[in-house]
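Numbering (our numbering), first residue to last: 2 to 171. We put the beta carbon where it would ideally sit given N, CA and C, even for glycine. Working notes for the structure below.
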Amino acid sequence: MSKLKLYEYPHPILKQKAADAGEVDDEMRKFLDDMLETMYECGGCGLAAPQVGVAKRIVVIDIAHEDEEPAPIYMVNPVIVWRSEEKKVCEEGCLSIPAQRAEVERPAAVRIRYKDYYGKEQELLAEDFLAVAAQHELDHLDGVLYIDHISRLRRQMLLKKLEKYRKEGN
Ligand code: NI
Numbered sequence: 002m003s004k005l006k007l008y009e010y011p012h013p014i015l016k017q018k019a020a021d022a023g024e025v026d027d028e029m030r031k032f033l034d035d036m037l038e039t040m041y042e043c044g045g046c047g048l049a050a051p052q053v054g055v056a057k058r059i060v061v062i063d064i065a066h067e068d069e070e071p072a073p074i075y076m077v078n079p080v081i082v083w084r085s086e087e088k089k090v091c092e093e094g095c096l097s098i099p100a101q102r103a104e105v106e107r108p109a110a111v112r113i114r115y116k117d118y119y120g121k122e123q124e125l126l127a128e129d130f131l132a133v134a135a136q137h138e139l140d141h142l143d144g145v146l147y148i149d150h151i152s153r154l155r156r157q158m159l160l161k162k163l164e165k166y167r168k169e170g171n
């Protein structure tokens, strides 16, 4: 496995709509392994292919706590097929927008259809934090970042803080 280069805001690939990922073969599985390793090394709980420079509809997620067994979820060509009416607010961060966080409102639960690590069709009911992580990552496949869901004023403040953080040599 190898660690992949992480693309950060405002790289244009993060605003692009990702293409169909195609079939799950050995080459794709190697990429899924590399994505997962990259996500773990960066300390994230989700990663979408555009964040490592690949504009394809591929996502990895693991919301297990550090003291728990890893529980990776691999999603190829994921589609949200149902969203709850109920909404929830949760604080989010993103590996492509380092050291920043903001509260985002999203549906509290979603049902997602996707192909897994073996190319098998799966359906998952995501609730609680998994619902947040999954919607955040799937957004990346449509070129949407969590900061696109907050007010313009809050986004400007957050991006100013990001600029300051980077100027301080991070
Ligand atoms: Ni993100």
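Could you give the first and the last residue of the continuous beta strand (DSSP E) run that contains residue i?
{"i": "Ala192", "result": "Here the chain comprises residues numbered 2 to 171, so residue 192 is not present and cannot be evaluated."}
{"i": "Pro94", "result": "Before going on, a small fix: residue 94 reads as Gly here, not Pro. Counting along the chain, the beta strand (DSSP E) containing Gly94 begins and ends at Lys88 to Cys95."}
Roughly how many whole angstroms lie between the Cα atoms of residue i and residue j?
{"i": "Gly120", "j": "Glu24", "result": "7 angstroms"}
{"i": "Gly45", "j": "Arg155", "result": "23 angstroms"}
{"i": "Asn197", "j": "Ser85", "result": "For residue 197 there is no data in the structure shown, the boundaries of the chain being 2 and 171."}
{"i": "Val90", "j": "Ser152", "result": "14 angstroms"}
{"i": "Leu159", "j": "Arg102", "result": "8 angstroms"}
{"i": "Ala19", "j": "Ala109", "result": "25 angstroms"}
{"i": "Arg112", "j": "Lys168", "result": "41 angstroms"}
{"i": "Cys43", "j": "Trp83", "result": "31 angstroms"}
{"i": "Asp63", "j": "Gln17", "result": "24 angstroms"}
{"i": "Leu163", "j": "Ala65", "result": "27 angstroms"}
{"i": "Lys161", "j": "Leu7", "result": "21 angstroms"}
{"i": "Arg107", "j": "Leu131", "result": "12 angstroms"}
{"i": "Leu125", "j": "Glu69", "result": "21 angstroms"}
{"i": "Ala127", "j": "Ala135", "result": "7 angstroms"}
{"i": "Asp26", "j": "Glu87", "result": "37 angstroms"}
{"i": "Leu96", "j": "Leu48", "result": "8 angstroms"}
{"i": "Tyr166", "j": "Ala100", "result": "8 angstroms"}
{"i": "Tyr118", "j": "Glu93", "result": "26 angstroms"}
{"i": "Ala56", "j": "Ile148", "result": "20 angstroms"}
{"i": "Ile74", "j": "Gln157", "result": "33 angstroms"}
{"i": "Asp34", "j": "Pro51", "result": "15 angstroms"}
{"i": "Glu9", "j": "Gln123", "result": "30 angstroms"}
Check the DSSP bridge columns for residue i and list the partner residues they point to.
{"i": "Arg112", "result": "Trp83 and Leu126"}
{"i": "Met76", "result": "Val60"}
{"i": "Glu106", "result": "Val90"}
{"i": "Ala19", "result": "DSSP lists no partner for Ala19."}
{"i": "Ile98", "result": "Cys95"}
Specify, as a first and last residue, the run of the alpha helix (DSSP H) that residue i falls within.
{"i": "Cys46", "result": "Element bounds for Cys46: n/a, residue is neither H nor E."}
{"i": "Glu164", "result": "Arg153 to Lys168"}
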